Amino acid sequence: MASLPPLKLAVLCLLLALTRRLRAEPCIAVYWGQNGYEGGLRDACATGYYKYVLVAFLNQFGNGQTPQMNLAGHCDPNNGGCTFLSNDILSCQRDYNVQVMLSLGGAIGSYRLASKEDAREVAYYIYNSFLGGSSSNRPLGNAVLDGVDFDIEGGSRDHWDDLARYLKAYDTPERKVYLSAAPQCPIPDYYLETAIDTGLFDYLFVQFYNNYCQYTSSNAATFEQIWNQWVSKNVSKVFLGLPASPQAAGNGFVIPDDLINNVIPIVKRSEKYGGIMLWSRYYDVIYGFSPRVKNYVCPNDLSFASSMRIKPLTMI
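All residue numbers for the sequence shown refer to UniProt numbering, where the first residue is 1 and numbers rise by one.
In structure tokens:
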């Protein structure tokens with residue numbers, strides 16, 4: 001059989017590499033649950049844009065309170081109205097290889113941990129109600145979520161490290177309990193510093209918006225300095241947290257062209273870079289951020305995607 005000429009062989013190799021990249025597993029995390037117009041959970045997973053979906057929020061717990069979830073206009077998880085989501089969660093995990101995690105806290109809610117024992121009791125509730133436990137009262141049905149996200153933006157800063165330890169203690173050889181945290185970009189994070197320093201967290205979804213450390217063309221050096229401090233933390237992967245549209249945050253939105261050509265080359269220098277996190281699914285739907293950037297933001301994308309000036313495709 002005759003061999004291919006070198007030029008044709010090079011073109012063939014490039015096409016194969018492009019095919020692998022286009023079919024690569026996604027690396028975007030997104031918050032889902034805070035707007036009834038964002039579509040269903042299964043629908044979000046079926047897009048193929050996301051590797052992680054964070055169900056937001058369990059926003060009342062601790063200090064003797066009865067735990068409650070808020071899923072905005074989707075359903076009421078506090079009276080059994082959201083158990084149908086179990087099928088969506090299972091489909092996300094099985095059919096689309098998406099990790100589905102419960103997010104704690106948020107900007108609005110009533111949550112605090114009064115003591116180490118309080119942290120233990122909250123961990124027990126979370127495990128039995130959302131993870132591998134056996135409570136008969138499971139707000140999202142019988143599906144077993146993959147882990148827990150700490151989006152702590154208020155209340156007390158105490159005992160979040162204890163909660164992380166108690167949750168991680170539920171790890172088994174058969175099923176790992178993944179932990180993530182979503183600190184603000186100023187370092188150290190006021191609420192989560194001690195918890196993050198336990199080294200128990202698998203992912204950090206650092207919010208680089210609404211703060212001085214967000215990316216702008218005139219602030220690139222400060223952004224890079226703060227990013228480098230975050231990737232020095234004892235965690236497996238660090239994600240760049242961004243608003244999914246200009247309306248998603250007070251400030252800090254980065255247009256796709258700037259993200260691809262100016263920001264991603266900075267964050268990809270770290271081996272701990274894991275991808276991007278978006279707030280939120282609703283804003284991603286209305287703006288179309290993920291489809292514009294999904295082929296350029298993963299750690300294993302081809303190097304030329306980071307080194308060339310690329311204009312993202314216009315969505316029609």
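The beta carbon of each residue, even a glycine, is placed where N, CA and C say it ideally should be.
Small disclaimer: the values here were computed from a predicted structure and weren't measured.
Out of 123, 133, 274 and 142, state which residue places its alpha-carbon closest to the alpha-carbon of residue 162.
Among 123, 133, 274 and 142, the Cα nearest to that of residue 162 is on 123.
Verify whether the separation of the beta carbon atoms of residue 28 and residue 288 is less than 9 Å.
For residue 28 and residue 288, no; Cβs fall outside 9 Å.
Kindly give me the distance between the Cβ atoms of residue 278 and residue 30, rounded to whole angstroms, as I take these residues to be in contact under 8 Å.
Rounded, the Cβ-Cβ distance is 5 Å, consistent with contact.
Spell out the partners DSSP gives residue 106 in its beta bridges.
Answer is 152.
Using the Cβ count rule (16 or more neighbours within 10 Å means buried), how would you classify residue 66?
Exposed, because fewer than 16 other Cβ atoms sit within 10 Å of the Cβ of residue 66.
9 Å is my cut-off, CB to CB: does residue 85 come that close to chain D?
The chain inventory of the structure shown lacks chain D, comprising one protein chain alone.
Are the Cβ atoms of residue 105 and residue 58 separated by less than 9 Å?
Yes, the pair counts as a contact, with Cβ atoms nearer than the cut-off.
By Cβ distance, which residues of its chain are closer than 8 Å to residue 290, with the 5 residues on each side in sequence left out?
Result list for residue 290: 28, 30, 47, 49, 50, 244, 278 and 284, in chain order.
Who are the near neighbours of residue 38 in its chain, counting only those whose CB is closer than 6 Å to its CB and skipping five residues on each side?
Only 281, 282 and 285 meet the Cβ criterion.
Decide if the region 215-232 is in contact with the region 79-90; the criterion is three or more beta carbon pairs, one per stretch, under 8 Å apart.
Taking 8 Å as the limit for Cβ pairs, the verdict is that the region 79-90 does not touch the region 215-232.
With distances taken from CA atoms, which of 250, 178, 33 and 298 is nearest residue 267?
Among 250, 178, 33 and 298, the Cα nearest to that of residue 267 belongs to 298.
Where DSSP assigns a beta bridge to residue 207, which residues make up the other side?
Paired residues: 184 and 241.
Could you check if residue 76 is buried or exposed, using at least 16 other CB atoms within 10 Å of its CB as the buried criterion?
Classification for residue 76: exposed.
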